[in-house]
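Student: First the structure, then my questions, so here it is.
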Amino acid sequence: MLTNFILLAQAQHALPAFLIIPFLILIGMIAAGPIFFGHFWEHNYKTVAVTLGLTVLAYYLFILQDYHMPAHTLAEYASFAILLSSLYIAAGGIYININANATPLMNVALVAVGAVLANFVGTTGASLLLIRPFIRLNVHRIKPYQIIFFIFIVSNAGGLLTPLGDPPLFIGFLKGVPFFWTLQHLFIPWVLTITLLCLIFFVVDSRNKEAYIPKPEVVAKNRAKTEFYVSGKRNLFWLAIIIGAIFLDPNVIEGLPYISYDGSKLSFLREVIQLTASFFCFRFSSKTALAGNKFNFHPILEVVFLFFGIFFTMMPALQLSAAIASAPQFSQYITPNFLYWATGSLSGFLDNAPTYANFLSLAMAKYDMAQNSVVEVRQFATGTGADPATLVLLEAISLAAVLFGAFTYIGNGPNFMVKAIAESAGIKMPSFFAYIVRYSIPFLLPALILIWFLVVHLQLF
């Protein structure tokens, strides 16, 4: 059956299945490189990622003569890289220090605050603001699992309540999903997910016996009262500009300048504003804050280069998966349960934003609705169109795209960023597959199954 779907996808799109090999090679290198040939990978990951990405890009341009997919992928990558880089620079100039006892309860409280904050400044913004103070707070007992639960809660699940929270939800907003739709329909799943993950984190963190070793610096810290110190507050202004510029999309706001391509309006104004803000932000950042954060550009360069390869090598994977799923033989399976697990499975290993867009298009096509129509997307989201059941379909897609983004390092942009910052601080993070086997499957997957069973399958909330 699967072979027939792949053959059908190739026949419809003239896209050979072997084009997914560069993507698989890149993922394999990301997973195995640091373990088996660490020296080579450390010095050549940029070359490997860029070469594989350009190889696929060249095949599209010169063999398939397909300019549409590469152009839109380039626009998405540019927006992604510029936003992530701007937030990294702005957050790097904000030094937050928490003078408190690093108990399991304090750690849970901090990631819970991050989960709330993520809905206002995005999962990327919240992650970059809090990961360094989180590491400093636990400096005497820091372990990889703490960073990974930070990724689960702050970098992914936390941003479920607003379109600002996570890129997939923002794409939905741009396409016509009402701004407060996520808060209205995903609030209880958000509470359930954050509560469950925080409880698991508390139990696991309580087993970290190093918390009770009476080191002199820990004793002195425990005697002091809990207090917060923030340096580089001026960067909050630039951070607000960078986040506010996200809304400057010509597809939503009329009158904004844009680049017209193939019937689409490609933004450049917001990217110019974000780059300008990040330049001034770095130029006038507090030197004390930069020094306190041990700021350098290595983590963001690693993300920018690796995701260049990921964005372009995953083009065939996205197209083939969309073609397989949209085959006529497959339409009967477009149910909330299918959309949750299909969207989630791909969101964990492909970037979750385009995965969201693909499955939204697929679900709407079942009702002869088009995602390029703002009116029809709004009807689909509110259940006021062809069938009230469309509301549940969008809930399943939204939950899966956001929550499963934490399943691997590459499911969501902040994941790899947090990993890179943690490693630059001397924390030995697990490999790609160790992350999945040792943490995602035993800790995250049960929460994802429970949310599916209660919210998507039984539709209790």
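Okay, so the sequence shown: first residue is 933 according to the numbering used here, each after it adds one. From the three backbone atoms N, C-alpha and C, an ideal C-beta is built for every residue, glycine too.
Could you give the DSSP three-state label for K1298: helix, strand or coil?
Tutor: On the sequence shown, residue 1298 is found 366 positions in, with the first residue counted as 1. Coil at K1298, not helix or strand.
Student: Taking I1074 as the reference, which of D1319, T1114, K1141, F1102 has the closest Cα?
Tutor: In the sequence shown, counting from the first residue as 1, residue 1074 sits at position 142. Nearest option by C-alpha distance: K1141.
Student: Just list the residues that DSSP pairs A1027 with in beta bridges.
Tutor: Counted from its first residue, the sequence shown places residue 1027 at position 95. One point to set straight first is that residue 1027 is Tyr, not Ala, in the sequence displayed. DSSP, once it has assigned bridges, lists S1163 as partnering Y1027.
Student: Which residues does DSSP pair with K1197 in a beta bridge?
Tutor: Position 265 of the sequence shown, counted from the first residue, corresponds to residue 1197. K1197 is bridged to S1192.
Student: What is the DSSP secondary structure of S1018, counted as helix, strand or coil?
Tutor: Taking the first residue of the sequence shown as position 1, residue 1018 is located at position 86. In this structure, S1018 counts as helix in the three-state DSSP scheme.
Student: With the cut-off set at 8 Å, would you say F1336 and N1284 are in Cβ contact?
Tutor: Walking along the sequence shown from the start, residue 1336 turns up at place 404. Walking along the sequence shown from the start, residue 1284 turns up at place 352. Closer than 8 Å, so yes.
Student: Measuring CA to CA, which of V1135, G1108, A1357, F1179 is closest to A1394?
Tutor: Outside the shown range of the chain (933 to 1393) lies residue 1394, about which nothing can therefore be said.
Student: Report the rounded CA-to-CA distance for S1253 versus A1297, giving the unit in angstroms.
Tutor: Residue numbering aside, residue 1253 sits at position 321 when the sequence shown is read from its first letter. Residue numbering aside, residue 1297 sits at position 365 when the sequence shown is read from its first letter. Rounded to the nearest angstrom, the two C-alpha atoms are 15 Å apart.
Student: Excluding sequence positions up to five away, which residues of its chain have a Cβ less than 7 Å from the Cβ of W1384?
Tutor: The residue labelled residue 1384 in the question sits at position 452 within the sequence shown. Closer than 7 Å at Cβ, skipping near neighbours: Y1272.
Student: Are V1334 and A1058 close, meaning C-beta to C-beta below 8 Å?
Tutor: The sequence position of residue 1334 within the sequence shown is 402, counting from 1. The sequence position of residue 1058 within the sequence shown is 126, counting from 1. Cβ atoms of V1334 and A1058: not closer than 8 Å.
Student: Nearest CA to the CA of L1188: which residue from I1174, E1203, I1175?
Tutor: As a first step, residue 1188 must be located in the sequence shown, where it is residue number 256. Among I1174, E1203, I1175, the Cα nearest to that of L1188 is on E1203.
Student: Does the pairing of the segment 1300-1316 with the segment 1236-1245 give three or more beta-carbon distances under 8 Å?
Tutor: No, because fewer than three Cβ pairs between the segment 1300-1316 and the segment 1236-1245 fall closer than 8 Å, the two stretches do not touch.
Student: Under a three-way DSSP split, which group does K1360 fall into?
Tutor: Taking the first residue of the sequence shown as 1, we reach residue 1360 at position 428. Note: K1360 maps to coil in three-state DSSP.
Student: Starting from the Cα of I1063, find the closest Cα among V1388, F1239, A1352 and give me that residue.
Tutor: Mapped onto the sequence shown, residue 1063 falls at position 131. When only C-alpha atoms are compared, the closest one is A1352.
Student: For P1065, which residues of its own chain have a beta-carbon under 7 Å away from its beta-carbon, when the five flanking residues on both sides are left out?
Tutor: Position 133 of the sequence shown, counting from 1, holds the residue named residue 1065. Once the five neighbours on either side are set aside, the close Cβ partners of P1065 are I1028, N1029, I1030.
Student: In angstroms, rounded to a whole number, what distance separates the CA positions of A1003 and L1037?
Tutor: Position 71 of the sequence shown, counted from the first residue, corresponds to residue 1003. Position 105 of the sequence shown, counted from the first residue, corresponds to residue 1037. One C-alpha to the other measures close to 47 Å.
Student: Does chain C have any CB closer than 8 Å to the CB of F1084?
Tutor: This model lacks chain C altogether, as it is built from one protein chain only.
Student: Is the segment 1205-1214 touching the segment 1004-1020 in the sense that three or more CB pairs, one from each, lie closer than 8 Å?
Tutor: These segments touch.
Student: Is L1392 helix, strand or coil when you go by DSSP?
Tutor: On the sequence shown, position 460 is the one that residue 1392 refers to. If DSSP states are grouped into helix, strand and coil, L1392 belongs with coil.
Student: Give me the residue from R1310, F1214, A1328 with the minimum Cα distance to K1267.
Tutor: Start at 1 with the first residue of the sequence shown, and residue 1267 comes out as number 335. Note that residue 1267 is Thr in the sequence shown, not Lys. The shortest C-alpha separation from T1267 is found at A1328.
Student: Compute the Euclidean distance between the alpha carbons of Y1367 and E1186, then round it to the nearest angstrom.
Tutor: Looking up residue 1367 in the sequence shown gives position 435. Looking up residue 1186 in the sequence shown gives position 254. Cα-Cα distance, rounded: 44 Å.
Student: Taking C-alpha atoms, which residue in L1380, F1012, A1172 lies nearest to V1053?
Tutor: Numbered from 1 along the sequence shown, position 121 holds the residue referred to as residue 1053. Looking at the Cα atoms, A1172 is the closest of the given residues.
Student: Using the Cα positions of L1106 and P1231, report the straight-line distance between them to the nearest angstrom.
Tutor: Stepping through the sequence shown from its first residue, residue 1106 is reached at position 174. Stepping through the sequence shown from its first residue, residue 1231 is reached at position 299. Spanning the two alpha carbons is a distance of roughly 29 Å.
Student: Please identify the residue among Q1264, C1130, F1216 whose C-alpha is closest to the C-alpha of F1081.
Tutor: In the sequence shown, the residue the question calls residue 1081 occupies position 149. Here the closest residue by C-alpha is C1130.
Student: Taking A963 and S1363 to be in contact with their CB atoms under 8 Å, please state how far apart those CB atoms are, rounded to whole angstroms.
Tutor: The sequence position of residue 963 within the sequence shown is 31, counting from 1. The sequence position of residue 1363 within the sequence shown is 431, counting from 1. Between S1363 and A963 the Cβ distance is about 6 Å, and since that is below 8 Å, they are a contact.
Student: With 16 as the cutoff for other CB atoms within 10 Å, does K1147 come out buried or exposed?
Tutor: Numbered from its first residue, the sequence shown carries residue 1147 at position 215. With a pLDDT of 48 at K1147, under the threshold of 50, the modelled position of that residue is not reliable, and no figure is offered here.
Student: Under 8 Å Cβ to Cβ from S1011, same chain only, skipping five residues before and after it: list those, please.
Tutor: The residue you call residue 1011 lines up with position 79 of the sequence shown. Here the set comprises S1199, R1202, E1203.
Student: Check this for me: beta carbons of I1395 and V1350, under 8 Å apart or not?
Tutor: There is no way to answer for residue 1395, as the model of the chain reaches only from 933 to 1393.
Student: Can you tell me which of G1317, G1343, L1326 puts its alpha carbon nearest to the alpha carbon of L1292?
Tutor: Taking the first residue of the sequence shown as 1, we reach residue 1292 at position 360. The residue with the shortest Cα to Cα distance from L1292 is L1326.
Student: Which residues mark the beginning and the end of the alpha helix (DSSP H) in which P1036 is found?
Tutor: Here the question's residue 1036 lines up with position 104 in the sequence shown. Segment 1036-1069, the alpha helix (DSSP H) holding P1036.
Student: Let me check understanding here. Comparing Cα to Cα, which of V1235, F1262, L1061, L1250 lies closest to L1222?
Tutor: The residue labelled residue 1222 in the question sits at position 290 within the sequence shown. Of the listed residues, the one whose Cα sits closest to L1222 is L1061.
Student: Given a cut-off of 8 Å, decide if G1280 and F1339 are closer than it, judged by their beta-carbon atoms.
Tutor: Start at 1 with the first residue of the sequence shown, and residue 1339 comes out as number 407. Start at 1 with the first residue of the sequence shown, and residue 1280 comes out as number 348. Cβ atoms of F1339 and G1280: closer than 8 Å.
Student: Rounded to whole angstroms, what is the Cα-Cα separation between A1034 and N1070?
Tutor: For the purposes of this step, residue 1034 is identified with residue 102 of the sequence shown, where counting begins at 1. For the purposes of this step, residue 1070 is identified with residue 138 of the sequence shown, where counting begins at 1. If I take the Cα positions, the gap works out to 6 Å.
Student: Expressed to the nearest angstrom, what Euclidean distance is found between the alpha-carbon atoms of F1393 and S1087?
Tutor: Start at 1 with the first residue of the sequence shown, and residue 1393 comes out as number 461. Start at 1 with the first residue of the sequence shown, and residue 1087 comes out as number 155. If you take the alpha carbons of F1393 and S1087, they lie about 24 Å apart.
Student: Using 8 Å as the threshold, is the C-beta distance between A1354 and I1067 below it?
Tutor: Locating residue 1354 in the sequence shown gives position 422, where the first residue counts as 1. Locating residue 1067 in the sequence shown gives position 135, where the first residue counts as 1. It is a contact, given that the beta carbons lie within the stated cut-off.
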